[in-house]
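Protein chains in written order, with the working numbering: chain E, 3 to 231; chain B, 295 to 375; chain V, 295 to 375; chain S, 505 to 1248. To start, the structure under review is shown below, and the notes come after it.
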Amino acid sequence: MKAAVVIFPGSNRDVDVIDALTAVSGKEPLLIWHRNTELPKADLIVLPGGFSYGDYLRSGAMAARSPILKEVTVRAQAGVAVLGICNGFQILTEAGLLPGVLMANRDLKFVCRNIHLKVERTDTVFTERYAEGQVIRVPVAHHDGNYFSDSETLTRIEGEGQVAFRYCTPEGHLDDSVNPNGSINGIAGVYNENRNVLGLMPHPEDHIDESQSCADGRPLFESLVESLA
Amino acid sequence: MKARVHITLKSGVLDPQGKAVHNALTSLGFDGVDDVRQGKYLELDLVESDAEQARAAVEAMCTRLLANTVIEDYQIELEDG
Amino acid sequence: MKARVHITLKSGVLDPQGKAVHNALTSLGFDGVDDVRQGKYLELDLVESDAEQARAAVEAMCTRLLANTVIEDYQIELEDG
Amino acid sequence: MSDAEPIITAELIAEHGLSESEYRQAQDILGRDPNLTELGIFSVMWSEHCSYKSSKKWLKTLPTEAPWVICGPGENAGVVDIGDGQAAIFKMESHNHPSFIEPYQGAATGVGGILRDVFTMGARPIANLNCLRFGEPENSKTRHLVAGVVAGIGGYGNCIGVPTVGGECTFHESYNGNILVNAMTVGLADADRIFYSTAAGAGNPVVYVGSKTGRDGIHGATMASAEFDEAAEEKRPTVQVGDPFTEKLLLEACLELMDTDAIVAIQDMGAAGLTSSSFEMAGKGGMGVELNLDHVPQRETGMTPYEIMLSESQERMLMVLKQGREDEARRIFEKWELDFAVVGHLTESGRMVVTMHGAVAADLPIAPLANASPEYDRPWTAASTPNEIHAADIPVPNGTELPEVSVALEKLLSSPDLASKRWVWDQYDHLVMGRTVQRPGGDAAVVRLPGTDKALALTADCTPRYCAAFPRSGGAQAVAETWRNLTAVGARPLGITDCMNFGSPERPEIMGQFVECIEGMREACLALDYPVVSGNVSFYNETNGAAIQPTPAIGGVGVIDSIDAMATIALKADGNDLVLIGECNGHLGASLYLREIAGISEGAPPPVDLEIERRNGDFVRKQIMEGRFVSCHDVSDGGLLVAIAEMALASATPRGTMLGAHLHLDTDIPLHALAFGEDQGRYIVEIDPVGTEDLLAAAAAKDIPTRRLGRCGSEALTINGEQTISLSVLRRAHEGWLPNYMAG
Ligand SMILES: Nc1ncnc2c1ncn2[C@@H]1O[C@H](COP(=O)(O)OP(=O)(O)O)[C@@H](O)[C@H]1O
Ligand SMILES: [Mg+2]
Chain E
3 MKAAVVIFPG SNRDVDVIDA LTAVSGKEPL LIWHRNTELP KADLIVLPGG
53 FSYGDYLRSG AMAARSPILK EVTVRAQAGV AVLGICNGFQ ILTEAGLLPG
103 VLMANRDLKF VCRNIHLKVE RTDTVFTERY AEGQVIRVPV AHHDGNYFSD
153 SETLTRIEGE GQVAFRYCTP EGHLDDSVNP NGSINGIAGV YNENRNVLGL
203 MPHPEDHIDE SQSCADGRPL FESLVESLA
Chain B
295 MKARVHITLK SGVLDPQGKA VHNALTSLGF DGVDDVRQGK YLELDLVESD
345 AEQARAAVEA MCTRLLANTV IEDYQIELED G
Chain V
295 MKARVHITLK SGVLDPQGKA VHNALTSLGF DGVDDVRQGK YLELDLVESD
345 AEQARAAVEA MCTRLLANTV IEDYQIELED G
Chain S
505 MSDAEPIITA ELIAEHGLSE SEYRQAQDIL GRDPNLTELG IFSVMWSEHC
555 SYKSSKKWLK TLPTEAPWVI CGPGENAGVV DIGDGQAAIF KMESHNHPSF
605 IEPYQGAATG VGGILRDVFT MGARPIANLN CLRFGEPENS KTRHLVAGVV
655 AGIGGYGNCI GVPTVGGECT FHESYNGNIL VNAMTVGLAD ADRIFYSTAA
705 GAGNPVVYVG SKTGRDGIHG ATMASAEFDE AAEEKRPTVQ VGDPFTEKLL
755 LEACLELMDT DAIVAIQDMG AAGLTSSSFE MAGKGGMGVE LNLDHVPQRE
805 TGMTPYEIML SESQERMLMV LKQGREDEAR RIFEKWELDF AVVGHLTESG
855 RMVVTMHGAV AADLPIAPLA NASPEYDRPW TAASTPNEIH AADIPVPNGT
905 ELPEVSVALE KLLSSPDLAS KRWVWDQYDH LVMGRTVQRP GGDAAVVRLP
955 GTDKALALTA DCTPRYCAAF PRSGGAQAVA ETWRNLTAVG ARPLGITDCM
1005 NFGSPERPEI MGQFVECIEG MREACLALDY PVVSGNVSFY NETNGAAIQP
1055 TPAIGGVGVI DSIDAMATIA LKADGNDLVL IGECNGHLGA SLYLREIAGI
1105 SEGAPPPVDL EIERRNGDFV RKQIMEGRFV SCHDVSDGGL LVAIAEMALA
1155 SATPRGTMLG AHLHLDTDIP LHALAFGEDQ GRYIVEIDPV GTEDLLAAAA
1205 AKDIPTRRLG RCGSEALTIN GEQTISLSVL RRAHEGWLPN YMAG
């Protein structure tokens, strides 16, 4: 699998995802500077976490309008796998590649802690290494992760099975008390219609091996390596 | 020419910032507040001096960058300056 | 009665947000912008119907909570509503 | 000179914080009266904050050397060798006054400033810590200050993408009008690629990079050196707004340029901005500088030389480049969309010649300002010896001992100083970079070094109530506690940075606190082979004549040779033995038990026997490195039972189940003194029972006292088989206080 990581000014979890991709695939990803207007050929495009352009104005807003996003959009429409984590998710929604928006967390505070996620489906290139209904533990670290969409869109993405992950209890129950940011329906990640674009707020790339206290994020990268090899 | 842009959440969209300010005011003893809504405010200094042109430009800025029209409304005021 | 409050950075105080918006507008090809300043905008619904009383109350809210006058200015407009 | 050049009056001199004799000294240096710009330069260069004029004499007594120290105090940050060609670079700095006035921005720019101190030396920052002191919770300002400061620290560190992995956060009325916000950064560099601030090479260009200069924070440095009074709060001087996004760009651009060999010297523009950075770089190299302020990137129009020289705008750096390398450097900064300007060059003259609009705005000799600032031997009085408190004199409130112990434990764990600070660190991204192997909540945070099994252990500590009770043992204890925290995770302690927060040095009793804390620190550093490599002094932390508790915050850094042999505090398995290493004397003086349960704030703090400290710690560390302990926790605030409870609470699984212990606390000292006494130099370890006898024997062979405390098991703490304390109740108390308080 050949992966390309797009770096924006202010990206800061680029290191984390580069380390994860390298550890799991054995190959270092290509690094693409945001000003590039051309993307090399790649099987996977990653938009990493961070604070692109400081997240000033709205998170992801300015990066979504940078030249490279035009290229990313073309590739996404052509079926190339695109993964947006945290700020990457915010950028994908701002660019219109994924439905909905990410608003400020319900209690207006940055939140960094482990949460549990229910894997909603395992028939995608991102999740095939997970078990049906599996609950995984990964950290979140964001200020604007409160997923919102109008009710029409919500009905559509729920109906089409575009929800990728939901915040849940360790036992897999949906419960507002474990929703770290107030996301509607506990949504932590969504796919596009074709399920080749995934955006999620939590950080699977920070739970890759046991020294990080848990390796539940690893299968996501293993899925990609396996299906995109 | 100066443009003043107000970006506010669409009605129906939850406004946690406004709610937090409201709660804080109440706990400081400011009782007579029924509701608080928070938005963004931008002041742009424009080279353009023709009002119509200026409005069209700012309109474009709003839809292309300044507001996320999924959840936000915007309002533009122009002012000679 | 409705109060509209604008909270802006004092002149001379660095406005990283405004600066970033300005840069983004420029790189999107909006050339005719000389400067951008970003502030906050609040709409308060007040029980009070007397303008003078209302202004005094909002004034107090601004100094005690809404603005930090070390770096911010505020401006209050009242509106019957 | 502009026509508006004011006359230098006595009033103007006083406003600039210069004493009469200092002004006379300035006249002597110049051989004439200074103009306004020059007066401003003298004022900031000779401010307490920049010149260390009251503290220098005493700071010099601290041990700063060890074979592994690459660079001690005097540079932007300290540097220690951590093996394999790598170096750790670290420093702690205060941003107390600005944070009181504008908590979010004050704290945020504090983080920004300390980050620059570290990456200016060529290090990539890999971790932040922070020491926070707030007024009593009941004070009407406290909640707002906590919320703002924590959000500001997070806002800056999270955005720039450096994990904030540890710190402390306590409350006391003495900080009601003077909170403390001390920020620490640790960076990583190649040991042979360290960048220093000594200017060299006449003709070399002086280059300004980063953000533009505005009128912000003019006189920040003198503000940090002036007492607060009600009027100052009224005046509300300007504070700066931080721009972490620009700092992130500045960081990447500087590191990119540092990969070349174009830089001769580099220094961030912190307090006193362009003035102190240019004077210090030139002063160290014995060079002169010609600065042309017309070239300084400016955010505002009509700025005067005075304003440009004194501005404390953030996110700026000053460098001396090799001649001819300007274009190469410029390309890098332009790629990162930052300002880049050649603002002058070095000369052989030894003078700072500042011009603007074609006129000379200031012309001063550098050495007398940079290297020969005033130095004071301020009068100080020794602290009186506090009275010894005997456990037997501290009655157990209701006669029957046992229930009191459990009630006291719950109360202590939910007291402001001991309550969990999860509410704080949840707002800090403590995981970004993906290398945090011990998160906040343990004894020391542990951050893995990329590509290796090694790690850095980091901690920050101080116990101000000990320092207030008896500064000398308080100073020693602060150093020892960081050393112990590093040891408890299995790290070899390498060195410390300090942030000395005190009241006005012009008062002999405050100066005495400073002198004696330093003396205690000196003794501890010597005994533990644990040098001071960087630090910062913040005086004048007082309001209306009431000073803060003396607070020498210590940041400690150690190295773990293999993370496989690292220890954590969480209890691990049913049936394991719990053993105390170190001696119990039941010392209750100046303890939290005394303050929180008995309502008494007095008595001598626990004695710090540094020889015992070293012996016990070296023993524990060796055992951890050999993989003998499954968990380890040092005993500090709150004493033995609090430490055991912390270990049990830390064992919580995601589903909330916890592992408790059956404890045998039978002894000749009263139970409450055994449970809550704060004797120093102690560790609790969890060990597989097959190894316990060997451990006890190995300790005995070194004359190290040990005590079997009991065995892990059940979901509660039981004491002497008589009393059961529910862990879920303790957890609720421990985790609940801060969020409940903040929601209030
Ligand atoms: N302001 C803070 N920022 C980050 N972590 C903090 C802060 N305050 C406390 N902590 C964390 O809480 C834990 C307990 O702190 P403390 O009581 O000072 O520990 P100790 O007694 O071991 O020195 C530590 O892991 C510490 O890093
Ligand atoms: Mg400890």
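Note that beta-carbon positions come from the ideal geometry of N, C-alpha and C, so glycine has one too. No experiment lies behind these values; they were computed from the predicted model shown.
Under 8 Å between beta-carbons, which chain E residues line up against residue i? List them in chain order, please.
i	result
I365 of chain B	V103, M105 and F150
Q931 of chain S	K111, F112, V113 and C114
Under 8 Å between C-beta atoms, does residue i make it to chain V?
i	result
G161 of chain E	no
R719 of chain S	yes
G56 of chain E	yes
R131 of chain E	no
Since residue i meets chain V, which of its residues come closer than 8 Å, beta carbon to beta carbon?
i	result
L59 of chain E	Q311, A314, V315, A318 and Q332
Between residue i and chain E, is there a C-beta pair that is closer than 8 Å?
i	result
L322 of chain V	yes
M821 of chain S	no
L383 of chain B	Given that chain B is displayed from residue 295 to residue 375, the structure contains no residue 383 of chain B and the question cannot be resolved.
A1137 of chain S	For the record, residue 1137 of chain S in the displayed sequence is His; it is not Ala. Taking Cβ atoms only, chain E never reaches closer than 8 Å to H1137 of chain S, which makes this a no.
C758 of chain S	no
By a C-beta neighbour count over all protein chains shown, 10 Å radius and 16 as the cutoff for buried, is residue i buried or exposed?
i	result
Q92 of chain E	buried
E1226 of chain S	exposed
T39 of chain E	exposed
A725 of chain S	Its pLDDT being 49, under 50, A725 of chain S is placed unreliably by the model, and the measurement read from it follows with that caveat. So A725 of chain S ends up on the buried side.
V227 of chain E	buried
A97 of chain E	buried
S523 of chain S	exposed
R620 of chain S	buried
H849 of chain S	buried
K1206 of chain S	exposed
Counting only beta-carbon separations shorter than 8 Å, does residue i have a partner in chain B?
i	result
G326 of chain V	yes
L338 of chain V	yes
Y335 of chain V	yes
A350 of chain V	no
Hey, is residue i's beta-carbon within less than 8 Å of any beta-carbon in chain S?
i	result
E30 of chain E	no
L360 of chain V	no
S258 of chain E	It is not possible to answer for residue 258 of chain E, since the shown part of chain E is limited to 3 through 231.
N181 of chain E	no
Starting from residue i, trace the alpha helix (DSSP H) both ways and give me its first and last residue.
i	result
F546 of chain S	L540 to M549
T320 of chain V	P310 to S321
Y608 of chain S	P607 to F623
Y660 of chain S	T646 to I664
I1014 of chain S	P1012 to L1032
Can you list the residues of chain A that residue i reaches, using a CB-CB cut of under 7 Å?
i	result
V341 of chain B	As a matter of chain content, chain A is missing from the structure shown, whose protein chains are E, B, V and S.
In the DSSP assignment, find the beta strand (DSSP E) that holds residue i and state where it starts and stops.
i	result
W929 of chain S	Segment R926 to W929 is the alpha helix (DSSP H) holding W929 of chain S; no beta strand (DSSP E) there.
M105 of chain E	V103 to M105
T963 of chain S	A959 to D965
Chain E partners of residue i, CB-CB under 7 Å?
i	result
M937 of chain S	V17 and D18
Residue i touches chain S at which residues, Cβ-Cβ below 7 Å?
i	result
N38 of chain E	What N38 of chain E touches in chain S: nothing, since even the nearest Cβ is about 12 Å away.
V307 of chain V	D720 and V745
**Report entry** Sequence ranges, alpha helix (DSSP H) only - wholly within the stretch 151 to 226 of chain E, length at least 4
**Finding:** You should have 153 to 161.
Query - 4 or more residues per run - each alpha helix (DSSP H) lying fully within the stretch 1133 to 1175 of chain S - result: Counting whole runs of 4 or more residues, the stretch 1133 to 1175 of chain S contains the alpha helix (DSSP H) stretches 1144 to 1154.
Report task. Entirely within the stretch 65 to 148 of chain E and at least 3 residues each: give me those beta strand (DSSP E) ranges in chain order. Result -> The qualifying runs are 83 to 87, 103 to 105, 113 to 121 and 137 to 144.
Query - Within the stretch 788 to 855 of chain S, ranges of the beta strand (DSSP E) (whole runs, at least 3 residues) - result: The stretch 788 to 855 of chain S contains these whole beta strand (DSSP E) runs: 792 to 796, 820 to 825 and 843 to 851.
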